[in-house]
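Student: For reference, the structure I am asking about is given below.
Number of protein chains: 2
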Amino acid sequence: MKKKLLISDIAKQLNVSITTVSFILNGKAKEKRISDDLTERVQKLVEEVGYRPNQLAQSLRTGKTRTIGLMVEDISNPFFANIARLIEERAYQEGYKIVYCSTEDDSDRTKELISMFRDMHVDGYIITPPQGVEEDVEKLIKDGFPVVLVDRQVAGIHTHCVIVDNLSGAYNATAHLMEQGYQNIAFVTTDSRQSQMLQRLEGYRKALAEKQLEPAVLEVPYRYDAKQMLRKIVSFFEETESIDAVLFATNYMAVRGLEAISQFNPQGLPANLGVASYDDHDVFKLLKPTITAVAQPTEAIANHVINLMLHLLNPKNKTSEADTIVLPTQLIIRNSTPRKEVVA
Amino acid sequence: MKKKLLISDIAKQLNVSITTVSFILNGKAKEKRISDDLTERVQKLVEEVGYRPNQLAQSLRTGKTRTIGLMVEDISNPFFANIARLIEERAYQEGYKIVYCSTEDDSDRTKELISMFRDMHVDGYIITPPQGVEEDVEKLIKDGFPVVLVDRQVAGIHTHCVIVDNLSGAYNATAHLMEQGYQNIAFVTTDSRQSQMLQRLEGYRKALAEKQLEPAVLEVPYRYDAKQMLRKIVSFFEETESIDAVLFATNYMAVRGLEAISQFNPQGLPANLGVASYDDHDVFKLLKPTITAVAQPTEAIANHVINLMLHLLNPKNKTSEADTIVLPTQLIIRNSTPRKEVVA
DNA sequence: TTTATCCGCTAAATCCTTTTAGCAAATAAG
DNA sequence: CTTATTTGCTAAAAGGATTTAGCGGATAAA
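Going down the list, the sequences are from chains A and B. If you read the first sequence in this note's numbering, its first letter stands for residue 1361, the second for the next number, and so on. If you read the second sequence in this note's numbering, its first letter stands for residue 1361, the second for the next number, and so on.
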């Protein structure tokens, strides 16, 4: 295990000062009027011996770690996993590392994680905020850290934010089901008061109201595990028999819900049932009845988020106004009829 | 933005030396014979003012970051996302952070990531290694870093390793299909030479050989995207019409493959086709024909990995022999008949 | 009485950079 | 011929902790 090279080793080799080497390595050769000749010799040696500055020492001195903290609700949820993956990709290209973790939508846990990230000296924060962390996040902002919220907004936090048009998404999905002739459309959602969930509910209600149809909403407690959720959905369907179509508020609820439904029909899902889901899923196209889905623009979300963050991290940019980016969803219609895709 | 507290602030407040405070905070009060009285006063003040040591300074001095680098093939793959999630959970409990990233099974990328992790001074490495990184990983080991491999082995790397019994898993799935009466069982896999894939292939071949059945293997190039993969599978089925059952080597190939199959049957998947998949998937139970799956013990994998890593990170433990842990899979049989689960 | 040991704590070195302030020699300006 | 300015580089401080080596006085052992 050969011992790590130090900047002093480089300096000694070339009979120059540490300062000079540091300037050159940090691209300040010109600014500090180091001769081109010396600049080259230093760069050549550094290259040859493979010297790499100690990042801890660098960070200690500069206060920057070139690390971004990413807190999603659940990294094992494909929606977040995909976004994380795309953000990570871009971040690495720009010389940033990503540290991520799952909040589980728990405010205490989230507070702890924020504090952990502070301890780690991350340069910026990307967060899908649960309720109840307003103060902690506002504190981050007040302390001058770049903060970008994703997927949901929280009243009381005034910062940059990337979300999708949940209301229209749910509205369009519901409208589509109505166009197909369904009259008793249920909405299965969670009981959490996350903004994106409330907006989806509103979109559903709005579409029904326009046709004077009655809403039928099931709120499954957020903390329910797969089994409990399944049971809850089963009994909901038992109680409200007239239902002929369902809109699920998330893809994992759709999966669980379809499982519940199939318990009625050992032969499989009833072909006459109308099913739509907020958030698409790889396997929806395999199911019968095929499932219409509100696809979220994960790539666009990730791109906007990381662009915003990189912009904020660049000291050259003045701190711009907090702006909210709302991205459109796409309704992916999967009927027996030829499939079309329509921008919502 | 109140300025950060320093250890010197604490020391000054109590008229003691920085050293003393440091000893107390690091649990060396007894060892260094600091009086109980002073120890308490220091702890009380630290608590009151909320002092937290600067981790960068700590790490610079100690050389430890309490960070573990986790490199999986693809964090957006549910199998890895789940493992990552579980590992993260335990790591946080033990005061370790996890930094993770996706190798995409690309050796150059992986080498870069290893080098990045070194620069970050992570304390340990958890890796799903692609081919071609033997030297780099061996170097890590030689330099004294704890390294644990997951999901696959690579010849030439001699270190701790947690894998599953791929051969038996594939063997059991194939045997099950044969018991159901299927005679022409295809195996759809990737062309990558990853150890776990080769073992699955071997399990499949072994089962067929015992009954003198002919194998029919399709290797889809690893770099193919969803569309290309689909096309490849479609043409395979067209060419080999006699096939009456398929074993897919991964769950994402299964999803793609089922899509391909359903292109023949606009009504849905043919009910008489036998389908099994290595790696289970949330939605398999919704499909017709239901899909028998080789479930991997994600929780056990994650637990073994993190336990091993924590053990290695503990300086009290002598460096133990490199050992390979092989975990059993579970064959989840989903037939029209009542579902049973059998340990493989 | 002398020597050794223990007690309770601390000064200073160390980890490895970046950055501020400035020096000595050479050139330009007055 | 002074006095500024520029040039090319550097010494030393700073960043915030951990850790080694040790100090002066009190007690115990010989």
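Note that beta-carbon positions come from the ideal geometry of N, C-alpha and C, so glycine has one too. Source: prediction; values computed, not measured.
#1: Work out the CA separation of Tyr1531/B and Asn1663/B for me, nearest whole Å.
#2: As an exercise, report each continuous beta strand (DSSP E) stretch of at least 3 residues that is fully enclosed by the stretch 1528-1575 of chain B, in chain order.
#3: Using the three-state DSSP reduction, which class does Gly1617/B fall into: helix, strand or coil?
#4: Are the C-beta of Ser1467/A and some C-beta of chain B separated by less than 7 Å?
#5: For Ala1662/A, does the three-state DSSP call read helix, strand or coil?
#6: Do the stretch 1409-1416 of chain B and the stretch 1362-1374 of chain B meet, that is, are 3 or more Cβ pairs less than 8 Å apart?
#7: Which one of Leu1672/B, Ala1682/B, Asn1677/B, Leu1687/B has the shortest CA to CA distance from Ala1660/B?
#8: For a cutoff of 7 Å on Cβ pairs, would you count His1481/B as touching chain A?
#9: Taking Val1406/B as part of the alpha helix (DSSP H), name the residues at either end of that continuous run.
#10: Assuming Ile1458/A contacts Ile1447/A (C-beta within less than 8 Å), just tell me the rounded distance between them.
#11: Contact criterion: CB-CB distance below 7 Å. Does Asn1442/A meet it with respect to chain B?
#12: Strictly under 7 Å for the Cβ-Cβ distance: is Arg1642/A near chain B by that measure?
#13: Determine whether the beta carbon atoms of Arg1694/B and Thr1658/B lie at a separation below 7 Å.
#14: If you drop the 5 nearest sequence neighbours on each side, which residues of the same chain put their C-beta closer than 8 Å to that of Ala1636/A?
#15: Please say whether Tyr1456/A and Ile1501/A have beta carbons closer to each other than 7 Å?
#16: Against chain B, with Cβ distances strictly below 7 Å, would Ala1417/A count as a contact?
#17: Nearest by alpha-carbon distance to His1520/B: which of Thr1689/B, Glu1681/B, Gln1554/B is it?
#18: Let me check understanding here. Comparing Cα to Cα, which of Asn1674/A, His1518/A, Leu1385/A lies closest to Val1497/A?
#19: Between the stretch 1444-1456 of chain A and chain B, which residues of the former have a C-beta closer than 8 Å to a C-beta of the latter?
#20: Beta-carbon within less than 6 Å of His1641/A's beta-carbon, same chain only, minus the 5 sequence neighbours each way: which residues are those?
#21: Would you say Asn1677/B touches the ligand MG, meaning its beta carbon is less than 6 Å from a heavy atom?
#22: Got a sec, what are the start and stop residues for the beta strand (DSSP E) Ala1653/B sits in?
#23: With distances taken from CA atoms, which of Leu1578/A, Ser1555/A, Tyr1542/A is nearest Thr1549/A?
#24: Can you find a CB in chain B that lies within less than 7 Å of the CB of Ile1693/A?
#25: Answer with yes or no whether the minimum CB distance from Ser1436/A to chain B is below 7 Å.
#26: Return the chain-ordered list of same chain residues with a C-beta closer than 6 Å to the C-beta of His1481/A, the five sequence neighbours on each side being excluded.
#27: Can you pull the chain A residues whose beta carbon is under 9 Å from the beta carbon of Met1476/B, in chain order?
Tutor: Result, derived from the coordinates:
#1: As a position in the second sequence, residue 1663/B is number 303, starting the count at 1. As a position in the second sequence, residue 1531/B is number 171, starting the count at 1. For Asn1663/B and Tyr1531/B, the distance between alpha carbons rounds to 25 Å.
#2: 1545-1550
#3: Position 257 of the second sequence, counted from the first residue, corresponds to residue 1617/B. Helix at Gly1617/B.
#4: Reading the first sequence from its first residue, position 107 is the one you call residue 1467/A. Not an interface residue.
#5: Sequence index remark: in the first sequence, residue 1662/A carries index 302 (1-based). Helix at Ala1662/A.
#6: Yes, the stretch 1409-1416 of chain B is in contact with the stretch 1362-1374 of chain B.
#7: Here residue 1660/B refers to the residue found at position 300 when the second sequence is read from its first residue. For the residues Leu1672/B, Ala1682/B, Asn1677/B, Leu1687/B, the minimum Cα distance to Ala1660/B belongs to Leu1687/B.
#8: Counting from one through the second sequence, the residue named residue 1481/B turns up at place 121. It does; some Cβ of chain A falls within 7 Å.
#9: What you label residue 1406/B is simply residue 46 of the second sequence in a count that begins at 1. Start and end: 1396-1409.
#10: On the first sequence, position 98 is the one that residue 1458/A refers to. On the first sequence, position 87 is the one that residue 1447/A refers to. Right, their Cβ atoms sit about 6 Å apart.
#11: Within the first sequence, the letter at position 82 stands for residue 1442/A. Contact with chain B is found for Asn1442/A, since one of that chain's Cβ atoms lies less than 7 Å from the residue's Cβ.
#12: On the first sequence, position 282 is the one that residue 1642/A refers to. Residue identity differs from the one stated: residue 1642/A is Asp in this sequence, not Arg. Cβ-Cβ to chain B under 7 Å: yes for Asp1642/A.
#13: The residue given as residue 1694/B occupies position 334 in the second sequence. The residue given as residue 1658/B occupies position 298 in the second sequence. For Arg1694/B and Thr1658/B, no; Cβs fall outside 7 Å.
#14: Within the first sequence, the letter at position 276 stands for residue 1636/A. Around Ala1636/A: Ala1533, Thr1534, His1536, Leu1537, Ala1605, Val1606, Leu1607, Phe1608, Ile1651, Thr1652, Ala1653, Val1654.
#15: Counted from its first residue, the first sequence places residue 1501/A at position 141. Counted from its first residue, the first sequence places residue 1456/A at position 96. No, Cβ-Cβ distance for Ile1501/A and Tyr1456/A is not below 7 Å.
#16: Taking the first residue of the first sequence as 1, we reach residue 1417/A at position 57. Yes, its Cβ sits closer than 7 Å to a Cβ of chain B.
#17: The residue you call residue 1520/B lines up with position 160 of the second sequence. With distances taken between Cα atoms, His1520/B lies closest to Glu1681/B.
#18: Position 137 of the first sequence, counted from the start, is the residue given in the question as residue 1497/A. Taking only the C-alpha atoms, the option nearest Val1497/A is His1518/A.
#19: From the stretch 1444-1456 of chain A, only Ala1444, Arg1445, Glu1448, Tyr1452 have a Cβ closer than 8 Å to chain B.
#20: Position 281 of the first sequence, counting from 1, holds the residue named residue 1641/A. Taken in chain order, the residues that qualify are Asn1611.
#21: In the structure on display, the ligand MG does not appear, and there are no ligands present to speak of.
#22: Position 293 of the second sequence holds residue 1653/B. Start and end: 1652-1655.
#23: The residue you call residue 1549/A lines up with position 189 of the first sequence. When only C-alpha atoms are compared, the closest one is Leu1578/A.
#24: Residue numbering aside, residue 1693/A sits at position 333 when the first sequence is read from its first letter. Judged by the 7 Å Cβ criterion, Ile1693/A is not in contact with chain B.
#25: On the first sequence, residue 1436/A is found 76 positions in, with the first residue counted as 1. For Ser1436/A, the answer is yes, since a Cβ of chain B falls inside 7 Å of its Cβ.
#26: Position 121 of the first sequence, counted from the first residue, corresponds to residue 1481/A. Same-chain partners within the cutoff: Thr1425.
#27: Here residue 1476/B corresponds to residue number 116 of the second sequence, with the count starting at 1. What Met1476/B touches in chain A: Tyr1452, Lys1457.
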